[in-house]
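The sequence shown maps to residues 2 to 501 in this note's numbering.
The structure appears below as structure tokens.
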Amino acid sequence: MTTPCDKPALFTPHTVFEKALSLVKTNAAIDITPLQVVYGIDDVLEIVAAAQRKYETKRKGSKVRERLTAVSSRVMYYGHVLDVLSQHHPEYVSLAWGTMKFLFVLVLNHEETTSELAKAVANIGDVLPRARLQLDIFRVDSMKAAIERLYSDIITFLVMSLEWYEQGSIRRAWKAFAEPYKVRLKDLRDRIDESARRMDNLAHTLAQDKISKIHDVLLRLDANMNANHLVYLSRFSGLDRGQNEIQTDLILKTTGDTTLPDPVETLRFCRSIRRKRMLRHEIDREALFPTLENWSKGLRSSLVVLGGSGSTRFQTKDLATEMVELLQGAEKQVLWVLKGPRSENATDSVHTLLLKQLVNQAVQLNHRRVVGHISENFNAPRVAAARSESDWLKILCESLTGVSEIYLIIDMEALGYRPDDEASFWLGFFDSIQLFVQNVPGIAVKAAVVSFRQDFIHSVESASAKPLVVPLTRETKQAGFKVQKRQPWSKRREPRLRLH
2 MTTPCDKPAL FTPHTVFEKA LSLVKTNAAI DITPLQVVYG IDDVLEIVAA
52 AQRKYETKRK GSKVRERLTA VSSRVMYYGH VLDVLSQHHP EYVSLAWGTM
102 KFLFVLVLNH EETTSELAKA VANIGDVLPR ARLQLDIFRV DSMKAAIERL
152 YSDIITFLVM SLEWYEQGSI RRAWKAFAEP YKVRLKDLRD RIDESARRMD
202 NLAHTLAQDK ISKIHDVLLR LDANMNANHL VYLSRFSGLD RGQNEIQTDL
252 ILKTTGDTTL PDPVETLRFC RSIRRKRMLR HEIDREALFP TLENWSKGLR
302 SSLVVLGGSG STRFQTKDLA TEMVELLQGA EKQVLWVLKG PRSENATDSV
352 HTLLLKQLVN QAVQLNHRRV VGHISENFNA PRVAAARSES DWLKILCESL
402 TGVSEIYLII DMEALGYRPD DEASFWLGFF DSIQLFVQNV PGIAVKAAVV
452 SFRQDFIHSV ESASAKPLVV PLTRETKQAG FKVQKRQPWS KRREPRLRLH
């Protein structure tokens, strides 16, 4: 026997059983005395199951009962044929056949009751655990009432089954005649099935309601999580931006640590030298204008080589300086490599140093976008680990992220003097610039390389991937033209170079 459940009131299996038992006392005309010592519906089921086992044990030893049942089923199978035959001699045969048929019906009714009770007890054993689980999950009055009705019907059925199992053979035989299973218990069994279905349907409905409430809770949680996510994201993005700022400062420090002169100071020096020069001849700007305008207006990356000569070396250098000034005045984004005040022999590392300096200019020029572009592939350690020209070209490309157009002005004299193989040494750096111009995705790179060294110009012109080479010639003067002192750029009357 089980003990009373000590869960909180109203919604425990024991309290529901007590309520169902009171309903049985009120509505059913049966004797519930055997249930006075039980504490739950499982105890009632166990009592009936024990009586059923005891009854089945007694039946197993009766060979006569088994044979009688078999004969009865076969005879009743052919009952309609015998009914027809008995009509030929109704005065004798009908009486005998009717008596035999009555006995056979009693036997079959008894077997039907035995079989159906066994099935019903087994089904009730399956329903009860489900009822307990649903009562535990759905603690609402509607579920409690549904299970009380189910328990009431089950208790009534089990008490009637127990009464049948505990009766003697003669009384069971009489019950088989007076109250066969279909008359006495079939409706009650159907009512149990209906109560079980009603309980399951109610559980399904309550489950849908719970799912709907859980869905609403999840939506609120999701909204709260999204709100919190935005708050934390703003905080973390601030932290990330702070870290990216530090990374960018480290990149500037790394790329600014070179033996080359500062590019801003170099530009300032070249500008002052150009203004102080007293030049007798200028380059032919009228011939140069169309080419440079087309180069500046183009939508794609392009490379132009402005080739002077020994006699126009100063004009060539001044042209590079003037182009940087004009581009800055037009608010164009421009990087430059100009020759500073020192004239040193070229070293093997000057290529990477100049690219490193271009990266420094690009990071300063594109600082805001570079801060947002810091990633695993572009950060201070990766920049610090760069060694080859290829490494620095990739970093230069990353430094220009988000830029749609960039101008690059390079005076090849900045590489230094190398008397043994100056042309080939310069060509190595020129090839790097040409490769950069051709392979930067999404950016229109306008590069202008300026040099007056004829051996370098001839080497570029004879290369397989020949760029556009524009020779710089002197401006022709009419006879008797008096050469005057060079005027400041703001007061000069000849057309100035305009870059769009």
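Every residue, glycine too, gets a C-beta built ideally from N, C-alpha and C.
> Just checking, does the region 310 to 319 make contact with the region 399 to 406 on the three C-beta pairs under 8 Å criterion?
Replying inline: With a cut-off of 8 Å on Cβ pairs, the region 310 to 319 is not in contact with the region 399 to 406, counting fewer than three such pairs.
>> Using CA atoms only, rank isn't needed, just tell me which of Ile375, Ile274 and Leu394 is closest to leucine 355.
In response: Counting from one through the sequence shown, the residue named residue 355 turns up at place 354. For leucine 355, the nearest C-alpha among the options comes from Leu394.
>> Please state the DSSP three-state secondary structure of glutamate 377.
In response: For the purposes of this step, residue 377 is taken as residue 376 along the sequence shown, with counting starting at 1. Three-state DSSP puts glutamate 377 in coil, outside helix and strand.
>> With the cut-off set at 8 Å, would you say valine 360 and isoleucine 396 are in Cβ contact?
In response: Counting from 1 along the sequence shown, the entry for residue 360 is found at position 359. Counting from 1 along the sequence shown, the entry for residue 396 is found at position 395. Yes; because the gap between Cβ atoms is below 8 Å, this pair is in contact.
> With DSSP run on the structure shown, which of helix, strand or coil describes aspartate 258?
Replying inline: Here residue 258 corresponds to residue number 257 of the sequence shown, with the count starting at 1. Coil.
>> Please classify valine 115 as buried or exposed, where buried requires at least 16 neighbouring CB atoms within 10 angstroms.
In response: One-based indexing of the sequence shown puts residue 115 at position 114. Here residue 115 is threonine; the residue named in the question, valine, does not match the sequence. Threonine 115 should be labelled buried.
>> Going by beta-carbon coordinates alone, are glutamine 158 and leucine 186 separated by less than 8 Å?
In response: Within the sequence shown, the letter at position 157 stands for residue 158. Within the sequence shown, the letter at position 185 stands for residue 186. Per the sequence shown, the amino acid found at residue 158 is phenylalanine instead of glutamine. Yes, the pair counts as a contact, with Cβ atoms nearer than the cut-off.
> From the DSSP output, which residues share a beta bridge with glycine 308?
Replying inline: Residue mapping note: residue 308 aligns to position 307 of the sequence shown, counting from 1. According to DSSP, glycine 308 bridges with Ser452 and Pro472.
>> Taking the alpha helix (DSSP H) that valine 360 belongs to, which residues open and close that run?
In response: Along the sequence shown, read from residue 1 onward, the residue named residue 360 stands at position 359. For valine 360, the enclosing alpha helix (DSSP H) begins and ends at 351 to 366.
> Taking contact to mean at least 3 C-beta pairs separated by less than 8 Å, is the region 283 to 290 in contact with the region 426 to 435?
Replying inline: Flag = no, the region 283 to 290 and the region 426 to 435 do not touch.
> Going by the beta-carbon positions, is the gap between isoleucine 434 and valine 450 smaller than 8 Å?
Replying inline: Position 433 of the sequence shown, counted from the start, is the residue given in the question as residue 434. Position 449 of the sequence shown, counted from the start, is the residue given in the question as residue 450. In contact: isoleucine 434 and valine 450 (Cβ atoms closer than 8 Å).
> How far does the beta strand (DSSP E) with aspartate 412 in it reach, from first residue to last?
Replying inline: Stepping through the sequence shown from its first residue, residue 412 is reached at position 411. Where aspartate 412 is concerned, the enclosing beta strand (DSSP E) stretches over 406 to 412.
> Out of Ile125, Leu261 and Leu473, which has the shortest C-alpha to C-alpha gap to arginine 192?
Replying inline: Indexing the sequence shown from 1 puts residue 192 at position 191. Per the Cα distances, Ile125.
> So valine 160 is in the alpha helix (DSSP H); what residue range does that whole segment cover?
Replying inline: If you number the sequence shown from 1, residue 160 lands on position 159. Where valine 160 is concerned, the enclosing alpha helix (DSSP H) stretches over 142 to 167.
> According to the neighbour-count rule (16 or more other Cβ atoms, all chains shown, within 10 Å of its Cβ), is lysine 447 buried or exposed?
Replying inline: Locating residue 447 in the sequence shown gives position 446, where the first residue counts as 1. With a threshold of 16 other beta carbon atoms within 10 Å, lysine 447 meets it and is buried.
> Grouping DSSP H, G and I as helix and E and B as strand, with all else coil, what is lysine 298?
Replying inline: Counting from 1 along the sequence shown, the entry for residue 298 is found at position 297. Assigned with DSSP and collapsed to three states, lysine 298 falls in helix.
> How do the region 451 to 462 and the region 295 to 311 stand: do at least 3 beta-carbon pairs fall below 8 Å, yes or no?
Replying inline: Counting C-beta pairs closer than 8 Å gives three or more between the region 451 to 462 and the region 295 to 311, which meets the contact rule.
> Does the distance from the C-beta atom of alanine 445 to that of leucine 300 stay below 8 Å?
Replying inline: Residue 445 sits at position 444 when you count from the first residue of the sequence shown. Residue 300 sits at position 299 when you count from the first residue of the sequence shown. In contact: alanine 445 and leucine 300 (Cβ atoms closer than 8 Å).
> Can you list, in chain order, the residues of its chain whose CB lies under 7 Å from that of phenylalanine 270, leaving out five sequence neighbours each side?
Replying inline: As a working mapping, residue 270 is identified with position 269 in the sequence shown. For phenylalanine 270, same chain residues with a beta-carbon under 7 Å away, outside a window of 5 residues either side, are Gly341 and Pro342 in chain order.
> Between alanine 321 and the rest of its own chain, which residues show a CB-CB distance below 7 Å, the 5 nearest in sequence each way excluded?
Replying inline: If you number the sequence shown from 1, residue 321 lands on position 320. For alanine 321, where only same-chain residues beyond five positions count, the Cβ hits under 7 Å are Leu339, Ile410, Asp412 and Val451.
> Buried or exposed: glycine 443, going by 16 or more other Cβ atoms within 10 Å of its Cβ?
Replying inline: Walking along the sequence shown from the start, residue 443 turns up at place 442. With a threshold of 16 other beta carbon atoms within 10 Å, glycine 443 falls short and is exposed.
>> From the DSSP secondary-structure annotation, give me the bridge partner or partners of serine 303.
In response: To locate residue 303, count along the sequence shown from 1; it is residue 302. Lys447, per the DSSP bridge assignment.
>> Short of 7 Å in beta carbon distance, which residues of its chain neighbour glutamate 164, apart from the five on each side in sequence? Order them along the chain.
In response: Stepping through the sequence shown from its first residue, residue 164 is reached at position 163. Cβ within range, chain order: n/a, list empty.
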